[in-house]
Every structure is written in structure tokens, then in C-alpha cells.
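Quick note, the numbering used here runs 8 ahead of the 1-based positions in the sequence shown. For each residue, glycine too, the CB sits at the ideal point set by N, CA and C. Note that the structure is predicted; figures quoted are calculated from it, not measured. For reference, the structure discussed in these notes is given below.
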Amino acid sequence: MSDEAATRPPATESETETLAAEDLSGHVETEQRATPLELFFDLVFVFAFTQVTGLMSENPTWEGLGQGLLVLAAVWWAWGGYAWLTNALHRDDWLARLGLFSAMAAMLIAALAVPQTFGDDAVIFGLAYFAVRAIHIAVYAYGAEEEDVTGAILNLAPGLLAAPVLLIVAGLLDGGAQAALWIVALLIDYGTPYVRDMSGFRVSAGHFAERFGLIVIIALGESIVAIGTGLEGDALTGGVVVAALAGISVAIAQWWTYFDVVAIVAEGKLVAAEGIERTRLARDSWGVMHGLLIAGIILTALGVKKTLGDVDEPLKTVPAVALCGGVALYLFGHVAIRWRSVHSLNRQRVFAGLVALALIPFAAEVDALAALITIAALMVALASYEALHFRRRRSELRAAHA
């Protein structure tokens, strides 16, 4: 980074979109696109996300919430690893495909074990997760086109394999010791790319952005599934219909707030970055901070599901936290991505996130339907405000991306 760039003040909101548009129009590179095999591979993670929501729904306590978030963190990091893998995979032979299919099978077993990850199936989850990770490293090393990339993944291998080993050990424990070992394992898993050399990795920016956009859509699909599963055979009353419409409104607003501008700006900055800076940006903004978006969506889905289960009763504390806190986490994830990408603060999303958090006590007191309608109104108001207030700059940015 030049001295001028290092001393440049953070961009204002009006400058952010202009900078992004310049990045989008000024960088041209040949990009790979997501393949049918990648989309097929993601299906096991669709099931895993559903299982995580089910885990928290069946145990709507602080313990259940914590366990669900720990499992989600592991599932997300596993998916992220394969997003990096397919981004660098330059082989489409039978061996590479067999590796990915084997990983799908292992991830399916891990997903099946999710409801009892902290119970009877704890060791099974750990063993399956270890298989997912070991296959990931093996296929990465086999399929990489450049020796630097092979060396880079092998450099991370000790830490990436240590984490699932600890999860296997955690499966032999219970209570606080089990949770503590899970936390240590995840810290090692997430921390390894920060303490080891990442310079050998290469990132195809357009493909990378597309893959993460698709997984956001998959997570949003869980919100829609939650609307249906939340009914649990109950009658389709007027209140349920209104709740369903409010739930889909939240999902639409979450889609809009990501894909309308954020995804475009983030991709533009990733395309503009080069070398190790692109790798670090991919690791931070996409690998870690997109995980906040996914967690926010899944938590919101949990809140929607519980609302549909009994629209005329107040949400219990944890589902209320999931509904309002999930929306807040989703918005704060956007704020983090923007700050990491363009070093500017999205004030309206910070404000909306704080409002969502402030609504938690309200959501625990009023009927669940009223809480969901209020959250839907907040998200729709935010999306509408941004679309109208920044319409000119938004149009320029989208035109540059077209």
C-alpha cells in the first residue's frame, strides 16, 4: 500500500459507491463461474442449516442457542473451506469428483448428527467433521494448479486438522467441559488462517463472490422453510397468514439489503484487490464476516418459526432474542463487511441494528405476531429508505456492474 493510500481518510458514504463503481469498471479479468457440481455439493449444507435451526428450536434455551451457534460456526467454516477449494480446483477428473462426493457423504452424516451433537451423536459428528476436513485438504492439494497453492493449504493443514480432532475428544465429554473444548477447537479452526502464511493462495474474485452469494440465498431459503415448518399442522388462520406474509417480508428485505448494493460493492473491491490483499480480504470479509450474515439469517428463521407456532402468545426470551438479535446481527455483519471493504460506516444500518436489539424486551411482552410485524416493518423501512435516499448513486453503481 502506498503512503498516500495509507494516510487517506475513510471514504464518505457518497464516495463509497463512486469508488466501487470505478473499481468495477476499471478491472477486467477472466472469471470462472459456479458449476453444477458446486451447486449439487451445497445441498448437504442446505440440510445442515435446517438441522441447526431444528436443534435450537427443539431446545429454545440459552444452552440450546449456544450449542446451535457453535455447530453453525463449524458448519459454516466447513462450507467456506470448500468454497476456497472449488475456487482453486483446476481438475474435473473422476478422482476430484470422487473427493467432493465423499465430502458430501461425510457432511451428510455430520448434518444427521447435529440434533445430538452435544448428546449421543457427539463423537459421530466429530468423526464426520474430521473426514470433511481431511478430504478438503487432500482434494485441495491434488487439484491445485500451482505449487504455491498446494504448499499454502498444506501449511494450514495442522491447524485445520487439529480442530476436528478436538471435536472428537469433546464428544467424550459433557457439560461445560464439552462446550469449552468446542470453543477452543473453533478458535483454532478460525485462527489458523490468521497465524499461518496465506500468500500462496489465489482467489478468482467473481467466482468467489458468486459462491458466497449463492450460500446467502440458501440460508434465506431456511427462513422460508421455517414459515412452513413453524405451523406444525395448525390451522391456517388469519393471524398465521399475516405472520407468514411478515416472515417472507423479512426474508425479502434481507435479500434486498444484501444483493441490491452490498454484494456488488464487496465484489468490486475483491476484484480490485491484488495478491495477498485479495486473499486477506476474501478471508476477512467473505470467510468470517459473511458468517455473521448466515448466523443472523438462521437466528431470524428460528424466531419466525417460533412465531408461526403460536402467533397469539408472546415469544419466550430466547426466541425473542433470536428474532430481533438475528436481524441485528445480520445488519451488523453488513456494517463489518462495508468497513473492511471500503472503510466507511453505514450509519443507517447501525441505527436499524440497534433498534432491533432494543425491540427484544418488546418482542417478549407482546403477541409474537406483533413482534414479527414490527421487525418486518423495520427491515422494509430500512430497505426503502436506502433505495430512495441513495437512488442516484445506487443506479450508477448497478449500471457499472451490469
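Within its own chain, the residues whose Cβ lies closer than 6 Å to the Cβ of L390, once the five positions on either side in sequence are excluded, are A360, listed in chain order.
A364 and S110 have their C-alpha atoms roughly 41 Å apart.
According to DSSP, residue pairing for L162 in a beta bridge does not occur. Of the other Cβ atoms in all chains shown, fewer than 16 fall within 10 Å of the Cβ of H98; this residue is therefore exposed. Here A251 has T315, L316, V319, L377 and L380 as same chain residues with Cβ atoms under 7 Å from its own Cβ, once five neighbours each way along the sequence are excluded. If only uninterrupted alpha helix (DSSP H) runs of at least 4 residues are considered, those enclosed by the region 240-283 are 246-265 and 271-280. Bounds of any alpha helix (DSSP H) do not take in P68, whose DSSP letter is neither H nor E. In the DSSP assignment, K313 falls within the alpha helix (DSSP H) that extends over M297 to G317. Spanning the alpha carbons of D268 and W190 requires a straight line of approximately 36 Å. In the three-state DSSP reduction, A42 falls in the coil class, being neither helix nor strand.
Beyond the five residues adjoining it in sequence on each side, T125 comes within less than 6 Å, by CB distance, of V79 and F133 in the same chain, given in chain order. Annotation for S231: the continuous alpha helix (DSSP H) segment containing it runs A213 to T237. Nearest in C-alpha terms to A271, of all of E153, H342, L168 and W70, is H342. Around the beta carbon of P201, 16 or more other beta carbons sit within 10 angstroms, so the residue counts as buried.
Taking C-beta separations shorter than 6 Å and ignoring five residues to either side along the sequence, the partners of I117 in its chain run A136, following chain order. Close CB contacts of I368 within its chain, under the 7 Å cut and outside five residues either way in sequence, are with A328, V329, C332 and G333 (chain order).
The shortest C-alpha to C-alpha distance from A384 to any of L396, A395 and A371 is the one to A371. In this structure, P322 sits near D375, with a CB-CB distance shorter than 8 Å. Where H144 is concerned, the enclosing alpha helix (DSSP H) starts and stops at A130 to G151.
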